[in-house]
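In what follows, a single structure is set out as C-alpha cells and then discussed.
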Amino acid sequence: MSLRNILFFSLCQPLMAAPFAPNHKPVIFRQTTNHTLTNSTQPATNQTQPATNSTLPALPAVEWAKKTCKDKGVTDASLEPATRWNSLDTRNALSAANYAWNHNPVEEGHIRLSYPMMVSNFFQGPEQWNCQDIANVPCSTTIKCDETNYPAGHFILNSFSRLHQIHQQLNDALNQAQLNIQSQIGTFTSTFTTEFKDDTAFIKLLLDVLGLSIGLGSAYFWNRVAPVILKTMTPDTRDLYKDATKAAVTFGVKQGKEKIPKAKDALGSQNNLNNAMGVYFQTWRESISAYVDHIFSGKVGALGDLGRLIGSGGFNYNSGPNLSQMQKRTEAIVFAQLIATAWKTNPAKKLYPFIMETDIDCNDSGKAPKDLKNFMDDSTAAQAHVCYNGHVYYLLQAVHRDQPVCHKECIPNTSAGKFFQTLPGGTFDNLSGDKWAGVRVDDFIVSSVDAWNANGNKNGYGMPDAETYAADLTDVDQNDLDANFEKVLRAPGVYQIPVCKSSDMSDIAAQVGGSKGKPSGDWWPCNP
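Structural data, given as C-alpha cells:
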C-alpha cells in the first residue's frame, strides 16, 4: 500500500468506527470509479477490491506518519504505556494497517502475506513475522524503533511480539508441569488410591473431568497477564480488554471440548495414567496453539479482539506471568482433579467420598463430636476437618458394613470398624503446604459446600458450565491474585463430592449400617 493510500485512509478515520469500538457496527468506506465514497455495513473481507493507487490524490501527512524515533513517546520508557501509545497516534496507525489488510488486492508479482507479516511489511518491519505459529522465533523477538519506518509500527509489532511470547511461556509452563506430574505418578497412586491398576474407563472419565481444567487454567493465565495492562486503561478500554480476555477463555474451553473426545479415542488401549497425562497436556497445548493462530489470523472477529487486547499499549510494558508460578498453578489444577477422580472412581475398590456438614463451632473442631463418636474417631476428626463459614466440615469416606474395612496398611490414620474414615491421602498431613502443588483439604470442601448451598442445600448442582464460569473468573480483584487462584481451584461443583447434613444422621446410619441395602445413587450415603 502506498503512502498516499495510507494518508487517504487516515483522513477518513474520524468518520470511521475504531476497530475495537463497543457495540458499534463497522462502516467500511470503499472508493468507486467516480472517486466518491459509499458506505457499506458489510464486514470487510480479504476479497474486497479497492481502487488502484493511481486514483488517489496526494494528501498531507497524518500524525502517526510524522513521528520519529526521537519522540518522547519512544525514548522515555518511564511514561505510562497508554501515554506512549497515544502520543505516537498508534491506534490510527493500526487502523490504517487493518484497512490495508482488508482492502488491498495482491498485485501481480506479489504474494499474499499472513496478517502479522503484512502488518510488519506495512511498517517496513522485519520479515518472517509469522505470529500465527506459536513456535515462530522472529515474532517473539522485540525490535527497536529504527527497525520500522514509523514508531507506531514499532509499538504495534512489539505488542504482537509480547502477546506471542506469553503464549510461548504458557506452552513452556505446560511442558514443565507435565514432566513434573508424570514424575510423581507412582507416589500419587500409592497415596490417593488403595491399590491402583490401569483401567480404561477410569482414564477416560478422568480426561472428561480434566477438560474443564483447560478453561480454568486459561482464566488464571489471563488473570496473571492483566494487572499491569488494566492499570493503564480508562474504564471504557478496561471493559473492552476484559471482553477480549473472556473471548480468549471461551475459545480455550471450546477447543478443549472439541479435542478431548478425539484425545480419548487416540489413547486407545494405552490406558495408564502416564499416557493419559501426555494426551491431556498435548490437548491443552493444541488449544493454546489454536488460539494464537486465531488471534493473529486477521479475520474480522479476531481483529476486534486483537485491537482490544493491545489497544492501550500495555503489551509494550507488561512483563507477563511468571513461568514457575504458572507451572505450579497448572500442576495444582490438574492434581486437584486427579485426586478427586481417584477417590470417586478408584479402579481397585469402590470408595465413597463425602463431606459432613455440622453446626459445630470452629473452636470445638479438635475431636469427634458426640453425635459422630460412633462413626469416627478423634484422629479422623483432627485430620479431616475444615472451618468454613463459621462451622466445621469433614472430608471423609463412608465404609459400608458389608465392605471389608481397610486397615492401616492401605489407609493411614483410620480405625477398623469405624464407618467414617479419612480418604486415602485426604488428610492435613498430606494435603497442606507445598505438597501436590499446594492443593489443600479446604479446596475440596469449599467447592463442594458452595455448590451444595447454591443448589438450595441439595446435592446435584452439577459441573459448572466451563465457558461461563471460566470467563467470569476474569472479573476479579487484580490486587490479590493468590485469592483469585483459590476461586479457580474452588469453583463450585468442580469435584462433585456429595454433602451430608449431620441432622440426617439417623438416615445416614441406616445407609452405612447396611439396613437400607447396598450403596446406590450418585450421592450415597447422603440424600440427594
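If you count the sequence shown from 1, position 342 lands on 520 in my numbering, and the numbers rise without skipping.
Ideal Cβ positions, reconstructed from N, Cα and C, are used throughout, including at glycine.
| Item | Value |
| --- | --- |
| With 16 other Cβ atoms within 10 Å as the buried cut-off, status of His563 | buried |
| Limits of the unbroken beta strand (DSSP E) element including Pro531 | Pro531 to Asp539 |
| Start-to-end residues for the alpha helix (DSSP H) that takes in Val564 | It is not in any alpha helix (DSSP H) - Val564 instead sits in the beta strand (DSSP E) that spans His563 to Tyr566. |
| Distance cut-off 6 Å: Gly389 Cβ against heavy atoms of the ligand GTP | With respect to small molecules bound, the structure shown includes none, and the ligand GTP cannot be examined in it. |
| Beta-carbon proximity check, Phe598 vs Leu574, cutoff 7 Å | yes |
| Residue from Met296, Leu291 and Glu258 with nearest C-alpha to Ala275 | Met296 |
| Three-state class that DSSP yields for Leu601 in the structure shown | coil |
| Straight-line Cα distance separating Met641 from Ala688 | 29 Å |
| Where Gly364 falls, given that 16 or more other Cβ within 10 Å makes a residue buried | exposed |
| Closest by C-alpha distance to Asn668, when choosing among Asp700, Asn705, Val627 and Lys322 | Residue 668 is actually Arg in this sequence, not Asn. Looking at the Cα atoms, Val627 is the closest of the given residues. |
| His288 burial status per 10 Å Cβ neighbour count (16 or more: buried) | exposed |
| Per-residue DSSP class, three states only, for Lys679 | strand |
| Contacting residues, own chain, Cβ-Cβ under 7 Å from Thr211 (five flanking each side not counted) | Any reading at Thr211 must be qualified, since the residue scores a pLDDT of 30, below 50, and its modelled position is unreliable; the value itself is stated next. Excluding sequence neighbours, Thr211 sits near nothing in its chain. |
| Spatially closest choice to Phe301 from Leu484, His281, Val315 and Leu335, by CA coordinates | Leu335 |
| Extent of the continuous beta strand (DSSP E) run through Val570 | His569 to Ala576 |
| Environment of Gly634 [buried if 16+ CB atoms lie within 10 Å] | exposed |
| Cα-Cα separation between Lys245 and Pro329, rounded to whole angstroms | 6 Å |
| The stretch 389 to 399 / the stretch 423 to 433 touching (three or more Cβ pairs under 8 Å) | yes |
| Of the listed residues Asn567, Ala632, Asn631 and Gly603, nearest to Arg618 (C-alpha basis) | Gly603 |
| Cutoff 7 Å; reference Pro670; Cβ partners in own chain excluding five residues on either side | Ser625, Asp628, Ala629, Ala632, Tyr639 and Pro642 |
| 6 Å CB neighbourhood of Leu487 in its chain, flanking five on each side removed | Ala422 |
| Per-residue DSSP class, three states only, for Glu325 | helix |
| Sequence ranges, alpha helix (DSSP H) only - wholly within the stretch 435 to 509, length at least 4 | 451 to 473 and 478 to 488 |
| Coarse secondary structure for Pro413, derived from DSSP in three states | helix |
| Three-way DSSP call (helix, strand, coil) for Asp555 in this model | coil |
| Spatial neighbours of Tyr673 in its chain, beta-carbon cut-off 7 Å, leaving aside the 5 residues before and after | Ala518, Phe622, Ser625 and Ser626 |
| Candidates Thr415, Gln346, Cys309 and Leu272: closest to Asn500 by CA position | Gln346 |
| Ordered list of alpha helix (DSSP H) runs contained in the stretch 259 to 339, each at least 4 residues | 259 to 265, 268 to 281 and 293 to 300 |
| Proximity winner among Lys522, Leu390 and Gly479, relative to Phe459 (alpha-carbon distances) | Leu390 |
| Span separating the alpha-carbon of Gly482 from that of Ile381 | 39 Å |
| Beta-carbon proximity of Tyr293 to Trp307, cut-off 7 Å | no |
| Alpha-carbon to alpha-carbon, Ala260 and Lys477 | 25 Å |
| Check whether Cys309 and Cys317 have beta carbons under 7 Å apart | yes |
| Test item: CB-CB of Gln503 and Ala355 under 7 Å | no |
| Check whether Asn524 and Thr371 have beta carbons under 7 Å apart | yes |
| Exposure label - Cys678; buried when at least 16 CB within 10 Å | buried |
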